[in-house]
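J.: Quick one: structure below, then a few questions.
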Amino acid sequence: MRLKLAFSGGGDRDEGPLDRLDERALIAFAFGYVILVLATPIGAWRPLAIEAIALAFVAGFAGVSARSLWDRRSGFIITFAFFSIMAATAHPSRRELGLAAVAASLLAKNTLALSAIVALVEIVPFHAILAALARSHAPKMLLSTLMFMDRYIYVLTDELDRMRKARTARTFRGSGRLDYAILTSLLGVLLLRAWERGDRVHAAMAARGWDGVIRTLDRSGKNL
Amino acid sequence: MIGDRPADSAALIAERPVEKPPAVLVKDLDFRYPDGRHALRGVDLTIMTGESIALVGPNGAGKSTLLWHLNGLLPEYAGSTAGHHGGGERVRKRSSQAAVWIDGIELNAKNAAEIRRRVGLVFQDPDDQLFSATVLDDVAFGPLNLGKSQPEARRIAIDCLARVGLADAVDRPPRHLSFGERKRVCVAGVLACDPTVLVLDEPTANLDPRARRQFISLIRSLPATKLIATHDLEMVLELCNRAILLDGGEIVANGLTRNVLGDPLLLEAHGLETPLSVKFGRV
């Protein structure tokens, strides 16, 4: 299994009318939608349903398939379900609505919020999102972090995938599945390798005159 | 004259003696990593302008360490690199004398930026070098750091991508390119800084035969002085007039490529093999 990354963007999608809009408008719309969803009260199923229909309509209008939204969302669903249950146990609405309703409501809200962000990165390539954020005067540190994350998350997941395969090839058990002890040791090794790579990336940047400011071509009017 | 010089580039050029200094001069360079490993031991090296030199040797011989010194990455000369690369220290036998000069300019903290402009270092793994969101942004990174204007940096980047045959890749993210294409983007990124010395670390490692051939042709077409650290001895025979054999941090042979690579006892003693084209008398 390979992790399908939520911000990989630009899948096999036909261009829709939203592609012609300014990226900043799309980002503002997406974040506005997220705030609206998060502000929706727990247990308010009708507003949540309307928000879900609105998102489905916009995603369909933009040519984003439900399948691609689900594919990118599915990697997080177990984690989010766990956190929803944990949060629901301490939520004040639990007495009134019950644990299941609160947890389901929290899960629905974060599903909609994350789906909106996934739809955004499906419509707008990640580097265009970065440029639009730069035009919107987003903090430089945030932009640099996002840029490096977008660039190296694939390199690191590929590395983890190779290590996992190598380990599986030497795991002589019926299911061939890795247990958590092995997986966590792989993650530890990956962390060390990421550290070393960070050192080399830094050296490569210094070799081309980096002085602490990441300068990029002006699609934004602002350096990262 | 070799010694302390001001950082200003124009002043450096004006002060240059009539006789052109070597493109690279390394004198008695010693370096020890923080873990105690003595990576370089009294390395002396002179490379004249326009030369194409191979740096060969077994793994752990100190090749990459030497290359990083030429670019001022080891030890940390500029403030921006402090704290990285695990530190390390140069062991000076004569503390008043510098160890590395590029085009007659001493490598020190004051001159590190100018040295890095003059020495273009192509890393072995392109994923170490290409960090930007798009290919164009990455190639323009160097020129923008050199103070070029936005339109000029864009023009230089597009020109350099055209030189390496990737003019149509400007807006692609580096991860969407093949390994060979990424290597060529790395070269474009270095060429964009207009270096006088090109230093390549294992340029043909992990390339398939076609990409290797394309990359060798590309390296050959570049007019800069070249220092190539590699295990690809066939490429050395094609590209380099001189070969330096490094082992255990020491230069054990330095001579014409044919002489160095044509000595099977020397090569075997230092973990290398005679290239097939030499063994079968094709060279």
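Chains as they are written, first to last, in the working numbering: chain A, -1 to 222; chain B, 128 to 410. The C-beta atom is built at its ideal place from N, Cα and C for all residues, glycine as well.
1) Counting C-beta neighbours from all protein chains within 10 Å, is the total for A181 (chain B) 16 or more, i.e. buried, or is it exposed?
2) Which full runs of the alpha helix (DSSP H) of 4+ residues lie inside the segment 227 to 263 of chain B, going along the chain?
3) Any contact of the segment 199 to 216 of chain A with the segment 258 to 271 of chain B, i.e. 3+ C-beta pairs under 8 Å?
4) Compare the C-alpha of A226 (chain B) against each of B:L399, B:D157, B:K275 and name the closest.
5) Where do the ends of the alpha helix (DSSP H) carrying T352 (chain B) lie?
6) Let me know the beta strand (DSSP E) ranges lying completely inside the segment 281 to 333 of chain B, each 3 residues or longer, listed in chain order.
7) Counting only beta-carbon separations shorter than 7 Å, does T208 (chain B) have a partner in chain A?
8) Would you kindly report the start and end of the unbroken beta strand (DSSP E) that includes R17 (chain A)?
9) Sorted by chain position, which residues of the same chain lie with C-beta nearer than 7 Å to P402 (chain B)'s C-beta, five sequence neighbours on each side aside?
10) What does the alpha-carbon distance come out to for the pair L144 (chain A) and V151 (chain B)?
11) Per the contact definition of three or more C-beta pairs closer than 8 Å, is the segment 292 to 303 of chain B in contact with the segment 259 to 274 of chain B?
12) What span of residues does the beta strand (DSSP E) with H165 (chain B) cover, start to end?
13) Can you round the beta-carbon distance between A380 (chain B) and L399 (chain B) to whole angstroms, since I take them to be within the 8 Å contact cut?
14) Could you please give me the residues that DSSP links to L156 (chain B) through a beta bridge?
15) Measure the Cβ-Cβ separation of V291 (chain B) and L345 (chain B) and say whether it is below 7 Å.
16) Does any residue of chain A bring its CB to less than 7 Å from the CB of G269 (chain B)?
17) On the DSSP bridge assignment, give the partners of S179 (chain B) in chain order.
18) At a Cβ threshold of 7 Å, is D216 (chain A) touching chain B?
19) How is the alpha helix (DSSP H) around L411 (chain B) delimited, first residue to last?
20) Are the Cβ atoms of G184 (chain B) and D390 (chain B) separated by less than 7 Å?
21) Who are the near neighbours of V266 (chain B) in its chain, counting only those whose CB is closer than 7 Å to its CB and skipping five residues on each side?
22) Along chain A, in chain order, which residues have C-beta atoms closer than 8 Å to that of C320 (chain B)?
23) Are the CB atoms of I83 (chain A) and A111 (chain A) within a distance shorter than 7 Å?
24) Just by C-beta distance, which residues in the segment 114 to 125 of chain A are closer than 9 Å to chain B?
25) Could you have a look at I180 (chain A) and say whether DSSP puts it in helix, strand or coil?
26) Can you give me, in chain order, the residues of the segment 148 to 166 of chain A that have a beta carbon less than 8 Å from any beta carbon in chain B?
27) Could you check if L383 (chain B) is buried or exposed, using at least 16 other CB atoms within 10 Å of its CB as the buried criterion?
28) Alpha carbon to alpha carbon, how far is G274 (chain B) from V116 (chain A)?
29) Between which two residues does the alpha helix (DSSP H) containing I378 (chain B) stretch?
30) When burial is assigned at 16 or more other CB atoms within 10 Å of the CB, is W43 (chain A) buried or exposed?
31) Going by other Cβ atoms of all chains shown within 10 Å of its Cβ, with 16 needed for buried, is T38 (chain A) buried or exposed?
32) Below 6 Å CB to CB, which residues in the same chain sit around R285 (chain A) once its five sequence neighbours on both sides are set aside?
33) Contact defined as beta carbons within less than 8 Å: I believe L325 (chain B) pairs with K353 (chain B). What is the distance between those atoms, to the nearest angstrom?
T.: According to the structure shown:
1) By one-based count along the second sequence, residue 181 (chain B) stands at place 54. Buried: at least 16 other Cβ atoms inside 10 Å.
2) The alpha helix (DSSP H) runs lying completely inside the segment 227 to 263 of chain B and spanning 4 residues or more are 239 to 245, 253 to 256, given in chain order.
3) As far as the Cβ criterion goes, the segment 199 to 216 of chain A touches the segment 258 to 271 of chain B, which means the pair count is three or higher.
4) Within the second sequence, numbered from 1, the residue matching residue 226 (chain B) stands at position 99. Measuring from the Cα of A226 (chain B), the nearest candidate turns out to be B:D157.
5) If you number the second sequence from 1, residue 352 (chain B) lands on position 225. From DSSP, T352 (chain B) is part of no alpha helix (DSSP H) but of the beta strand (DSSP E) over 352 to 356.
6) Taking 3 residues as the minimum length, the beta strand (DSSP E) runs contained wholly in the segment 281 to 333 of chain B are 324 to 328, in order along the chain.
7) To locate residue 208 (chain B), count along the second sequence from 1; it is residue 81. Caution is warranted here: a pLDDT of 44 is assigned to T208 (chain B), below 50, making its placement in the model unreliable, and no coordinate value can be reported.
8) Here residue 17 (chain A) corresponds to residue number 19 of the first sequence, with the count starting at 1. Note that residue 17 (chain A) is Asp in the sequence shown here, rather than Arg. Neither: D17 (chain A) is in no beta strand (DSSP E) and is coded neither H nor E.
9) Within the second sequence, numbered from 1, the residue matching residue 402 (chain B) stands at position 275. Cβ neighbours of P402 (chain B) within its own chain (closer than 7 Å, five residues either side excluded): L360, E361, L364, L388.
10) Translated into the one-based positions of the first sequence, residue 144 (chain A) becomes position 146. Translated into the one-based positions of the second sequence, residue 151 (chain B) becomes position 24. Taking the straight line from one Cα to the other gives about 39 Å.
11) Yes: the two stretches touch, three or more of their Cβ pairs being nearer than 8 Å.
12) Here residue 165 (chain B) corresponds to residue number 38 of the second sequence, with the count starting at 1. In this chain, the beta strand (DSSP E) harbouring H165 (chain B) covers 165 to 174.
13) Your numbering for residue 380 (chain B) matches position 253 in the second sequence. Your numbering for residue 399 (chain B) matches position 272 in the second sequence. Contact doesn't hold; Cβ gap of about 10 Å is too wide.
14) If you number the second sequence from 1, residue 156 (chain B) lands on position 29. Paired residues: B:V170.
15) As a position in the second sequence, residue 291 (chain B) is number 164, starting the count at 1. As a position in the second sequence, residue 345 (chain B) is number 218, starting the count at 1. For V291 (chain B) and L345 (chain B), yes; Cβs fall inside 7 Å.
16) In the second sequence, the residue the question calls residue 269 (chain B) occupies position 142. Residue-level contact check: G269 (chain B) touches chain A, since one or more beta carbons of chain A fall below 7 Å from its beta carbon.
17) Reading the second sequence from its first residue, position 52 is the one you call residue 179 (chain B). Partner(s): B:K353.
18) Here residue 216 (chain A) corresponds to residue number 218 of the first sequence, with the count starting at 1. D216 (chain A) counts as touching chain B.
19) In the structure as shown, chain B starts at 128 and stops at 410, and residue 411 (chain B) therefore has no counterpart that could be examined.
20) Here residue 184 (chain B) refers to the residue found at position 57 when the second sequence is read from its first residue. Here residue 390 (chain B) refers to the residue found at position 263 when the second sequence is read from its first residue. No, these two residues do not count as a Cβ contact at 7 Å.
21) The residue given as residue 266 (chain B) occupies position 139 in the second sequence. Taken in chain order, the residues that qualify are A284, C287, L288, V312, A315, G316, A319.
22) The count along the second sequence starts at 1 and reaches residue 320 (chain B) at position 193. For C320 (chain B), the residues of chain A that pass the 8 Å Cβ criterion are R206, G207, in the order they occur in the chain.
23) On the first sequence, residue 111 (chain A) is found 113 positions in, with the first residue counted as 1. On the first sequence, residue 83 (chain A) is found 85 positions in, with the first residue counted as 1. The Cβ-Cβ distance between A111 (chain A) and I83 (chain A) does not fall below 7 Å.
24) The residues in question are P123, F124, H125.
25) Mapped onto the first sequence, residue 180 (chain A) falls at position 182. In the three-state reduction of the DSSP assignment, I180 (chain A) falls in the helix class, which pools H, G and I.
26) For the segment 148 to 166 of chain A, which is checked against every Cβ of chain B, the residues closer than 8 Å are D148, R149, Y150, Y152, V153.
27) Residue mapping note: residue 383 (chain B) aligns to position 256 of the second sequence, counting from 1. With fewer than 16 Cβ atoms within 10 Å of its Cβ, L383 (chain B) is classed as exposed.
28) Start at 1 with the first residue of the second sequence, and residue 274 (chain B) comes out as number 147. Start at 1 with the first residue of the first sequence, and residue 116 (chain A) comes out as number 118. Taking the Cα positions, G274 (chain B) is about 37 Å away from V116 (chain A).
29) To locate residue 378 (chain B), count along the second sequence from 1; it is residue 251. Unbroken run through I378 (chain B) is the beta strand (DSSP E), 377 to 383; no alpha helix (DSSP H).
30) Here residue 43 (chain A) refers to the residue found at position 45 when the first sequence is read from its first residue. By the Cβ neighbour-count rule, W43 (chain A) is exposed, with fewer than 16 other Cβ atoms within 10 Å of its own.
31) Residue mapping note: residue 38 (chain A) aligns to position 40 of the first sequence, counting from 1. Counting the other CB atoms within 10 Å of its CB gives T38 (chain A) a total of 16 or more, which places it among the buried residues.
32) There is simply no residue 285 (chain A) to check, as chain A begins at -1 and stops at 222 in what is shown.
33) Walking along the second sequence from the start, residue 325 (chain B) turns up at place 198. Walking along the second sequence from the start, residue 353 (chain B) turns up at place 226. At roughly 5 Å, the Cβ-Cβ gap stays under 8 Å, so L325 (chain B) and K353 (chain B) are in contact.
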